[in-house]
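Add 6 to a position in the sequence shown, counting from 1, and you land on the number used in the numbering used here. We put the beta carbon where it would ideally sit given N, CA and C, even for glycine. Everything numeric in this text was worked out from a predicted model, so none of it was measured.
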Amino acid sequence: MTVAERLRAGVSSQIAARARKAAALALAVAIFLYDTLATQTVAVAVLYVVVVVLFASRASRNALHVVGGLCAALTVASFVLVHGATVQDGSVVRMLVSLSAIALTTILVARNEAASQVIAASEARFRQIFESAGVMLWEEDYSDVRAMLDDLRARGVEDLCAYFERHPDFPARALGRVRIVDANAATMESLGFADKAAFLAAHSSVIAEASTAFTRVLQAMWGGLPEVRGRAILNGAGGRQLSVQFIITFPSDRPAPDRVLVSLSDMTAFEKAQDELVASQRTLTHLSRLTTLGELSASIAHELNQPLSAIMLNGEGSLRFLSLDPPDIGEARDGLRQMVCDADRASQVIKRIRDLSRKTNRSMEPVDLNVVVAQTGRLLEHDLQRHRVVLRLDLAENPPLVRGDRIELQQVLINLMVNAAQAMSDQAPERRVLTVATGLNDGRLRVSVRDHGAGVPIDALDQLFDAFYTTRSEGMGMGLAICRSIVESHGGQIMAGNLAQGGAEFAFALPVETVQ
Ligand code: ADP
């Protein structure tokens, strides 16, 4: 409601209160005249309770007590005027009934009015805080969404995740049924709308789309959670886009969620800085990999050059000794022995380099892969949102632990999930669903990452995990090679394949930790 609208509403309710008070006064006079002048045998003065009720609106407790007292005084005055000093049993009882009714009504109405005024003051305070808060605040009506979820339950749906898997359009339909009822001034300022009317008119396009965060909102409602947090993209006026962090608080005292409070903080500047940081980190890693690769190649060439030249010289020498007539077998044998020693030296060099490259600060510990999957999902939330990818988790209940390095296993998941998101970048947004599932398979814990991209060409399946295999112009082709080396060093296996319904599946299976 705008300030002008609120003023108009205030003025009209004041006029109505005055009109009610005038009516109360007129009614009091009428009752007094009828009670005094007409001959009747009923307690007409009881009607003074209507006067008290009419007067009640916006009246203070004291004013109500005065009105109640006046009504009682008029009742007694009529009695005295009509009956004088002669007291008849019936008329006294009638007067006492009227006085009791007036007193009782005055007390109850005064109490009720005081309670209403406290509620009105608290509502006004809430409105004032709502309007003047520095963060964006919205009031949303989730009644229709609640009804949609209730309908699913009534139809026997128990697993909401599995239902979303079969009906990927459900979250978008549900989002379309969320109504923004009110928003505060900070919203208009952040999103660039001139006023509330412009914002509410455009509200259906303000929330960019049903992201992973919205499926979490639905899951929270389904599970009866009191609040849910997440990230979302908002479309402001004139093409402005904001990345926000939101907290939705569901009211605990109402069965119908028609006044859900949402607070949103603008994270755009923070995320821009973070993206720049990540981009510069990526460039640095890329450069340092190239530099390391260059240095490594130079040192390998240097270390191997010597034994290889020796093998060459000894080989040529041995051949010469064998081609003599008669052949000098002894010298040729010495030369071949030397060759074996040099080859051994070369393999030692290679072994040393391999050992060097494996030397990392590993910390092997029992790991719950469900936790690693959930953490990785949160870590990549913003990245996935930017690629408009919805993440679905299909996690095994209480899976056994695996023994491994948490960071390395997370690195594998990040690689597979980022690859999956990139593979779907040219698909329509509603197809961009990425599913990460965990499950027990043949006594091993299997983690699969499924996408709806174009899949892997059949002839590329054999080379995917080879170092430097890439089809991306900016790719290095090291991601999957690193994944394989990590998984195999954990005693596991990694595999890739295409799905019948389209898209690729990358999965790895690790031996489970045996309980001693
Ligand atoms: P990079 O990402 O640098 O290309 P990777 O080793 O991570 O290196 O991936 C190697 C190649 O495997 C990619 O270039 C791509 O052709 C293919 N690939 C990886 N993940 C997928 C996927 N989910 N769907 C289709 N192809 C994929």
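Next on the checklist: Given a cut-off of 8 Å on the beta-carbon distance, is the pair L390 and L440 in contact?
Outcome noted: Yes, they are a contact pair.
Checklist entry - How many angstroms separate the CA atom of F474 from the CA atom of M484? => result Whole-angstrom Cα-Cα distance: 6 Å.
Next on the checklist: Along the chain, where does the alpha helix (DSSP H) containing N190 start, and where does it finish?
Outcome noted: Note, N190: premise wrong, no alpha helix (DSSP H); not H, not E.
Next on the checklist: On the CB-based measure, 16 or more other CB atoms within 10 Å of its CB, does N376 come out buried or exposed?
Outcome noted: Buried is the call here.
Item to check | Under 8 Å between C-beta atoms of E519 and P405 | outcome: No. Outside cutoff.
Checklist entry - Among V72, A49, S149, P257, which one has its Cα closest to the Cα of A107? => result Selected option, being the one with the closest Cα: A49.
Next on the checklist: Between M273 and ligand 1, is there a pair consisting of the residue's CB and a ligand heavy atom that are separated by less than 7 Å?
Outcome noted: No, the beta carbon of M273 sits no closer than 7 Å to any heavy atom of ligand 1.
Next on the checklist: Looking at S324: is its Cβ nearer than 8 Å to the Cβ of G341?
Outcome noted: Contact flag set, yes.
Checklist entry - Apart from the five residues just before and just after I141, which ones in its own chain have a Cβ nearer than 7 Å to its Cβ? => result Correcting the residue type first, residue 141 is Val in the shown sequence and not Ile. The residues are A192, S269, L270, S271.
Next on the checklist: To the nearest angstrom, how far is the alpha carbon of Q247 from that of A22?
Outcome noted: Their backbone Cα atoms lie some 46 Å apart in a straight line.
Next on the checklist: Could you check if G508 belongs to the surroundings of ligand 1, using beta carbon to heavy atom distance under 7 Å?
Outcome noted: No; taking the cut-off as 7 Å, the Cβ of G508 has no heavy atom of ligand 1 nearer than that.
Item to check | Spatial distance of G90 from A51 (CA atoms) | outcome: Each residue's alpha carbon lies about 17 Å from the other.
Next on the checklist: So, does the region 476-493 touch the region 437-453, judging by three or more C-beta pairs under 8 Å?
Outcome noted: The region 476-493 vs the region 437-453: no contact.
Checklist entry - With respect to 7 Å, is the separation between the Cβ of G162 and the closest non-hydrogen atom of ligand 1 below this value? => result It does not: the Cβ of G162 is nowhere closer than 7 Å to a heavy atom of ligand 1.
Checklist entry - Looking at C-beta atoms only, is the number of pairs between the region 104-124 and the region 222-236 that lie closer than 8 Å three or more? => result Segments in contact, no.
Item to check | C-alpha gap between F205 and Q20, whole angstroms | outcome: If you take the alpha carbons of F205 and Q20, they lie about 30 Å apart.
Checklist entry - For N241, does the three-state DSSP call read helix, strand or coil? => result Residue state, collapsed to three classes: strand.
Checklist entry - For V355, which residues from the same chain have a beta carbon less than 8 Å from its beta carbon, with the 5 sequence-adjacent residues on both sides left out? => result Closer than 8 Å at the Cβ level, and outside the excluded window around V355, lie I306, E309, L310, P313.
Next on the checklist: What residue range does the beta strand (DSSP E) around M273 cover?
Outcome noted: Unbroken run through M273: none, as it is neither H nor E.
Item to check | heavy atom of ligand 1 below 7 Å from A443 C-beta | outcome: Residue side-chain check: A443 keeps its Cβ at 7 Å or more from all non-hydrogen atoms of ligand 1.
Next on the checklist: Between the alpha carbons of T274 and S249, how many angstroms are there, rounded?
Outcome noted: Using only the alpha carbons, I get a separation of about 5 Å.
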